[in-house]
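To start, the structure itself, in C-alpha cells.
Number of protein chains: 2
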Amino acid sequence: MITIKQIAELAGTSRGTVDRVLNRRGNVSPDIEKLVLKIAKEHNYRSNPFAKALAKRGAKYTIGIIINSIGNMFFDDVIVGINETVEKYKEYGLEVLIREIKGYDENEQLEALVELSAHNLSALVITPIDHPLIEKKLAALSPLPIVALNSDIHFDRKLAFIGCDYYNSGGLSGDIAELMLPNGGDISIITGSFHMLGHNERIRGFKDALKNKGNIRIVSTDANDDDNEISYSATAAVLERYNPDLLYFCAAGTEGGVRAVKDSSSSARVIVVDDIKPMRDYLADGSINAIITQQPYCQGELTIETLYQYFVYGYSPDQVNCYTENQVRLRHSK
Amino acid sequence: MITIKQIAELAGTSRGTVDRVLNRRGNVSPDIEKLVLKIAKEHNYRSNPFAKALAKRGAKYTIGIIINSIGNMFFDDVIVGINETVEKYKEYGLEVLIREIKGYDENEQLEALVELSAHNLSALVITPIDHPLIEKKLAALSPLPIVALNSDIHFDRKLAFIGCDYYNSGGLSGDIAELMLPNGGDISIITGSFHMLGHNERIRGFKDALKNKGNIRIVSTDANDDDNEISYSATAAVLERYNPDLLYFCAAGTEGGVRAVKDSSSSARVIVVDDIKPMRDYLADGSINAIITQQPYCQGELTIETLYQYFVYGYSPDQVNCYTENQVRLRHSK
DNA sequence: CTGAAAGCGCTTACAG
DNA sequence: CTGAAAGCGCTTACAG
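Order-wise, the sequence lines are chains C and F.
Just so it is clear: in the first sequence, position 140 is 169 by my numbering, and no numbers are missing.
Just so it is clear: in the second sequence, position 325 is 354 by my numbering, and no numbers are missing.
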C-alpha cells in the first residue's frame with residue numbers, strides 16, 4: 030500500500046502538497062495536482078484512517094441536532110445511541126447540541142433551526158417535518174453537511190438519510206400477521222397521521238404483503254396523531270365497531286392503544302411498531318404479540334458514526350439512504 | 030486524557046519503560062512498575078487505539094482456523110465474514126490459514142489441529158467437537174489464544190466462545206410456534222444429534238417456551254445426523270406417523286427435511302434454523318414459514334475482530350461468551 | 001533493568 | 001503556490 034510520502038517522492042514534490050491535492054485543500058498548481066492524482070490512482074492509494082485520526086487530534090466538531098422526541102419514547106434509544114457514540118469519539122473533538130421539540134409544527138421546528146444554525150456548527154442532524162418551509166431552510170444551509178434522521182425530506186446535497194425502509198417495515202408486519210392468522214381474519218390498522226409519508230408507506234407495504242392471502246381482510250384504518258389519549262379512544266371505537274381479529278399499530282401512540290385493547294372485551298391480537306419499554310412489558314405479559322422494530326439505538330449510533338467518518342476521514346456514505354434493518358421482536362428476543 | 034509521555038514525565042522515567050509496564054513486557058523494576066501503574070490508574074489512562082494500530086504496522090499475525098464446514102451451508106456465511114474482515118485488516122498483518130473438515134469425527138479434527146499447530150500461529154479458531162481428546166489438545170496449546178466458534182468446549186484460558194445462545198434460540202422458536210398455533214396443535218421436532226449440546230439446548234428452550242401454552246403439544250423428537258438424506262426419510266416417517274401441525278427443525282439437514290414435507294400431502298407448517306440460501310427460497314415460495322437465524326456472517330466477523338483487538342490493542346473480550354443475536358426471519362426480512 | 005531515537009502515516013501551522 | 005518541520009500517541013530495535 031502506497032503512502033503520501035511515497036507519492037510525494039514519485040511526484041517530486043512535498044508531502045504537504047500531496048496532502049493538499051488528496052484532500053482538496055486548494056492552492057496547488059494544476060500540473061502537480063494532475064500528476065499526484067494520477068500516481069495515487071495508479072497505485073490505488075487509500076489513506077490510512079488511523080494515521081488520519083491520530084493527526085486530527087485537537088480539532089473541534091460541533092453537531093447540532095433537532096429531534097422531535099418530546100412525548101415520543103421511540104427516540105429515547107436514538108438519543109442514547111447518539112450520546113454514547115459521541116462519548117466514544119469525544120477525544121476526537123465531537124460534541125453535540127441537542128434541541129428536543131414536541132409535535133410536528135413546522136414553525137416551531139424552523140425556529141429551532143434558525144436558533145441552532147447560529148452556533149457555528151460543523152454539521153446538522155434533523156428529524157425533518159416534510160414541509161416547504163423546512164425544505165427551503167435546509168437547502169439554504171446547504172454547504173453544511175446535513176443528516177435527515179428517522180424521517181426524510183428532499184433537498185440537494187443531503188449527506189444522508191438514516192432511518193428505516195418504511196415500506197419494508199409494513200411488509201414484515203404483513204408477514205407476521207399472515208403467520209398469526211392461518212385461517213384468515215379481519216385486521217384494523219391504527220396509524221399516526223395520513224400526512225406522514227413513513228406511516229403511509231408502512232400501510233402500503235402491509236397491504237401489499239397481504240394481498241391475495243386467503244381470507245385476510247383489512248377492515249379499517251384510523252389515525253391517532255401519535256397521541257396516546259387519542260389512540261385510546263380511536264382504538265376503543267374500532268374494537269367496538271369492527272371487532273377485528275388483529276390490530277396493527279403502525280406508528281406511535283401504541284401505549285394508549287394497547288390500553289384500550291386491555292380495557293375492552295376484545296380478544297384481538299396485536300402487532301405494534303417500535304420497541305419501547307411499555308411494549309416490552311406488554312409482550313412479556315401477552316397483551317401484545319409482536320413488535321416490529323427499526324433499531325433506534327443503531328440509528329443514533331450510525332448518525333454520529335457517519336459524521337465522524339465524514340469529519341475525520343472525509344468519507345461520505347456510499348448511499349444517501351442508510352437503512353437500519355426492520356426486525357421482528359418476540360418474547361425471547363434480546 | 031493522559032498519554033504515555035505524560036505518565037513518563039510524572040514518573041520520572043522514559044516512555045519505553047512506561048510502555049513495558051502498561052503492556053506487561055517485563056524487565057521493569059518493581060518500584061517503577063508500581064509507580065507507573067498508580068499514575069496510570071489515578072489519571073484513568075486509556076491507550077489510544079489509533080496510535081497503537083499505527084505503531085504496530087509491519088507485525089504479522091497468522092490465525093489458524095479449523096472449521097467443520099464441508100457439507101454444511103450454514104458455514105458459508107461464517108467464512109465470508111472471516112475473509113472479509115481479514116481483508117479489512119490485512120494491512121495490519123492479519124492472515125488466515127483455514128482447514129475445512131467434514132463431519133464430527135474427533136480424530137480427524139485432532140489431526141487437523143496437530144498439523145495446523147505446527148505453523149507458528151498467533152491464534153487458533155476452532156469449531157470444536159466436544160470430546161476429551163480435543164479438550165486435552167486445546168489445553169496443551171494453551172498459551173496460544175484460542176477461540177471456540179459456533180460450538181463450545183470447556184478448557185482453561187479460552188479467549189472467547191463466539192456463537193449463539195442455543196437455549197434462547199429454542200425459546201424464540203417457541204415464541205413463533207405459539208404465534209402460529211393460536212388454537213393449539215401438535216409439533217414434531219427434528220434435531221441433528223442428541224449428542225450435540227447446542228441442539229439439546231435448543232430443544233430445552235423450545236419446550237420451556239411452550240410450557241403451559243394452551244393446546245400445544247410436542248408429539249415427537251427425532252434426529253437426522255445433520256444429513257439431508259437421513260433428514261428426508263426421518264421427516265417423511267414423522268409426517269406419516271404423527272401428522273403434526275408444525276415441524277421444528279432445530280439443526281442442519283433442513284433442505285432434505287423440507288423436501289420431505291413438500292413431497293408429502295401434509296399441510297404442516299415449518300420453522301427452521303439457519304438462514305441458508307435454499308431456506309430463503311422456501312420462505313419466498315411458502316414451503317416454510319419462518320427461519321431462526323444466529324447471524325453467521327457476524328460470527329465470522331466477530332471472530333476476526335476479536336483477534337484483531339487482542340493482537341493490536343491487547344484487549345480481551347469483556348465476556349468469554351460472545352453471543353450473536355437470534356433473530357426471526359420472515360419473507361420481507363432483509 | 002533503562003532510555004534515547006527513529007518510525008508508523010498523516011495534518012497543521014509557518015515561512016517563503 | 002510550495003516545502004520543511006513538528007506533532008498526534010504509541011512501539012520497536014538498539015545500546016548500555
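Here a beta-carbon is modelled for each residue, glycine too, at the ideal position from N, C-alpha and C.
Proximity test, Cβ basis, 8 Å: residue i and chain F
i: C:D15; result: For chain C, the structure presents residues 30 to 363; residue 15 of chain C sits outside this window and is missing.
i: C:F79; result: yes
i: C:R360; result: yes
i: C:P325; result: no
i: C:V349; result: no
i: C:V357; result: yes
i: C:A238; result: yes
i: C:M225; result: no
i: C:A82; result: yes
i: C:K291; result: no
i: C:K166; result: no
C-beta contact flag for residue i and residue j at 8 Å
i: C:L275; j: C:A319; result: no
i: C:V248; j: C:D215; result: yes
i: F:S202; j: C:L201; result: no
i: C:Y271; j: C:S217; result: yes
i: C:E62; j: C:V50; result: yes
i: C:T335; j: C:A238; result: no
i: C:G213; j: C:C279; result: no
i: C:F223; j: C:A263; result: no
i: C:G93; j: C:L150; result: yes
i: C:I245; j: C:E207; result: yes
i: C:L312; j: C:V290; result: no
i: F:G110; j: F:E354; result: no
i: C:G282; j: C:I259; result: yes
i: F:R288; j: F:Y261; result: yes
Beta bridge counterpart(s) of residue i as assigned by DSSP
i: C:D215; result: C:R246
i: C:D251; result: C:I219
i: C:I99; result: C:K131
i: F:Y352; result: F:G192
i: F:R358; result: F:I320
i: C:E124; result: C:T91
i: C:I232; result: Note: C:I232 sits in no beta bridge, so no partner.
i: F:A152; result: F:I92
i: C:F184; result: BP columns for C:F184 are empty, so no partner.
i: C:V176; result: C:V154 and C:A189
i: F:V302; result: F:I321
i: C:F340; result: Its beta-bridge partners do not exist; DSSP assigns none.
i: F:L276; result: F:S217 and F:V299
Neighbour flag for residue i against chain C, beta carbons, 8 Å
i: F:E354; result: yes
i: F:K34; result: no
i: F:M308; result: no
i: F:M209; result: yes
i: F:K89; result: no
i: F:K242; result: no
Exposure label - residue i; buried when at least 16 CB within 10 Å
i: F:L162; result: exposed
i: F:Q356; result: buried
i: C:A266; result: exposed
i: C:S294; result: exposed
i: C:S365; result: No answer is possible for residue 365 of chain C: the residues shown for chain C start at 30 and end at 363.
i: F:G41; result: exposed
i: C:R186; result: exposed
i: F:S296; result: exposed
i: F:G243; result: exposed
i: C:G192; result: buried
i: C:R54; result: exposed
i: C:P172; result: exposed
i: F:D194; result: buried
i: F:Q348; result: exposed
Distance cut-off 7 Å: residue i Cβ against heavy atoms of the ligand NAP
i: F:V47; result: Within the structure as shown, the ligand NAP is missing, as the structure has no ligands at all.
Chain-ordered residues of the stretch 185 to 205 of chain C with a beta carbon less than 9 Å from chain F: D194, N197, S198, G199, G200, L201, S202, G203, D204 and I205
May I ask you to list, following chain order, the residues of the stretch 101 to 113 of chain C that have a beta carbon less than 7 Å from some beta carbon of chain F? Look at the stretch 101 to 113 of chain C: it has no residue with a C-beta under 7 Å from a C-beta of chain F.
Between the stretch 117 to 140 of chain F and chain C, which residues of the former have CB atoms less than 8 Å from a CB of the latter, in chain order? Taking 8 Å as the Cβ-Cβ cut-off against chain C, the residues of the stretch 117 to 140 of chain F that qualify are E120.
Which of the residues in the stretch 317 to 341 of chain C, read from start to end, lie with their CB under 8 Å from any CB of chain F? N318 and A319
In chain order, what residues of the stretch 42 to 69 of chain F put their CB closer than 8 Å to some CB of chain C? Cβ contacts with chain C: none found.
When Cβ atoms are compared, which residues of the stretch 262 to 287 of chain C fall closer than 7 Å to chain F? none
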